[in-house]
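J.:
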Amino acid sequence: MMEADGSVPIGSTVMDTQVLKEPRGLMRCLEFFFAILAFATLADFSGSFNYSIFCTNDPENGHSVSHGFQYPFRLDHQAPVSFNCSDETVKHNISVPGDFSSDAKFFVFTGVISFLGSLGSIIIYVFFSPLYADESKKPPMIDFWFTLVIAVFWLSASAAWTNGLITLKWIASAEWIFTSNKHPCGQTSTGTYILTKIKECIIEEKGHFVGANISALLGYLNFFLWASNLWFIYKETSWFSNKSGSQPLEG
23 MMEADGSVPI GSTVMDTQVL KEPRGLMRCL EFFFAILAFA TLADFSGSFN YSIFCTNDPE
83 NGHSVSHGFQ YPFRLDHQAP VSFNCSDETV KHNISVPGDF SSDAKFFVFT GVISFLGSLG
143 SIIIYVFFSP LYADESKKPP MIDFWFTLVI AVFWLSASAA WTNGLITLKW IASAEWIFTS
203 NKHPCGQTST GTYILTKIKE CIIEEKGHFV GANISALLGY LNFFLWASNL WFIYKETSWF
263 SNKSGSQPLE G
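With my numbering applied, the sequence shown corresponds to residues 23 to 273, in that order.
(1) When you compare the CB positions of A234 and L64, do they come within less than 9 Å of one another, or not?
(2) Chain C beta carbons: is any one of them nearer than 9 Å to that of S250?
(3) Taking W221 and P81 to be in contact with their CB atoms under 8 Å, please state how far apart those CB atoms are, rounded to whole angstroms.
(4) Would you call the segment 182-190 in contact with the segment 253-262, where contact means no fewer than 3 C-beta pairs closer than 8 Å?
(5) Among P94, Q92 and V87, which one has its Cα closest to the Cα of H114?
(6) In whole angstroms, give me the CA-to-CA distance for I144 and F122.
(7) With a threshold of 7 Å on Cβ separation, who are the neighbours of Q40 within its own chain once the five nearest residues in sequence on each side are excluded?
(8) With three or more beta-carbon pairs closer than 8 Å as the criterion, would you say the segment 48-65 touches the segment 127-143?
(9) Starting from the Cα of S108, find the closest Cα among G120, S124, N79 and H99 and give me that residue.
(10) Taking Cβ to Cβ, would you say G90 is nearer than 9 Å to F231?
(11) Taking the straight line between their C-alpha atoms, what separation do you get for G208 and S202?
(12) Could you give the DSSP three-state label for H205: helix, strand or coil?
(13) Whose C-alpha, out of L252, K219 and L177, is nearest the C-alpha of L239?
(14) DSSP on K43, reduced to helix/strand/coil?
(15) Mapping DSSP to helix, strand and coil, what is V118?
(16) Please specify which runs of the alpha helix (DSSP H), each continuous and at least 4 residues long, are wholly inside the segment 149-199, giving them in chain order.
(17) Taking the alpha carbon of D252 as the reference point, which residue from D38, R50 and I225 has its own alpha carbon closest?
Below you can see the structure in the form of structure tokens.
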């Protein structure tokens with residue numbers, strides 16, 4: 023309900039979609055969409071890599087070993103893969119190193135709070151515009167600091183996930199099996215028993231990381247969106263209005 027002078031009481035619910043055409047409203051819509059896209063792409067990503075182990079007593083028939091990985095990428099918590107050569111009675115348990123759950127979870131957490139935060143901001147912009155335009159300018163100040171925190175979160179989460187992704191790619195390339203002293207294919211495996219039983223190991227398929235690469239790029243895009251939006255929200259704060267009002271008029 024409007025007052026006699028045409029103003030809208032603070033706290034009233036008035037639908038104002040015009041704000042979505044303004045930079046800060048449009049940016050919030052983009053942040054909402056790309057936040058969902060970023061964390062959904064990572065959470066849905068999965069892959070695998072496999073290789074064959076050939077025993078000296080049966081060099082023609084290799085033992086196919088496959089390792090899968092998916093969110094939250096706790097590879098070292100997966101059940102080990104067992105194999106043994108035909109003339110062996112003891113099975114060898116093969117485990118995959120690496121735990122990238124902290125990086126992946128932080129990235130998804132940032133995406134979720136960004137999605138919820140941008141949705142909340144859009145609701146306030148559209149339905150509670152009089153409250154946002156309060157003379158105290160407190161809502162824009164809160165909005166500014168929230169946006170700054172999320173921008174920092176996106177930069178940190180994207181950098182952490184990118185670093186973890188580099189190591190995950192190396193593990194999924196399966197090159198580590200030739201150097202690990204805990205793997206039957208490792209050239210420095212402890213004891214001569216394993217070395218004499220294994221003829222060679224051949225990498226059959228490496229992991230593919232299109233989805234993971236896209237998620238990392240979306241993380242940096244989200245950082246750009248939230249950091250860019252700081253300027254438009256800053257213009258709504260008392261800092262900007264006081265600065266503009268203190269400038270002397272020319273002429």
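Heads up, the beta-carbon is just placed ideally off N, CA and C, and yes, glycines get one too.
T.: According to the structure shown:
(1) yes
(2) Any reference to chain C falls outside this structure, which holds one protein chain only.
(3) Checking the displayed sequence, the identity of residue 221 turns out to be Lys instead of Trp. Between K221 and P81 the beta-carbon gap is near 5 Å, inside 8 Å, which marks them as a contact.
(4) no
(5) V87
(6) Here the C-alpha atom of I144 lies approximately 33 Å from the C-alpha atom of F122.
(7) By the criterion of a C-beta distance shorter than 7 Å, Q40 is surrounded by no residue of its chain, once the five residues flanking it on both sides are discounted.
(8) yes
(9) N79
(10) no
(11) 5 Å
(12) coil
(13) The residue from L252, K219 and L177 with its alpha-carbon nearest to that of L239 is L177.
(14) Three-state DSSP puts K43 in a helix.
(15) coil
(16) 151-154 and 160-194
(17) At residue 252 the sequence reads Leu, which differs from the Asp that was named. Nearest of D38, R50 and I225 to L252, Cα basis: R50.
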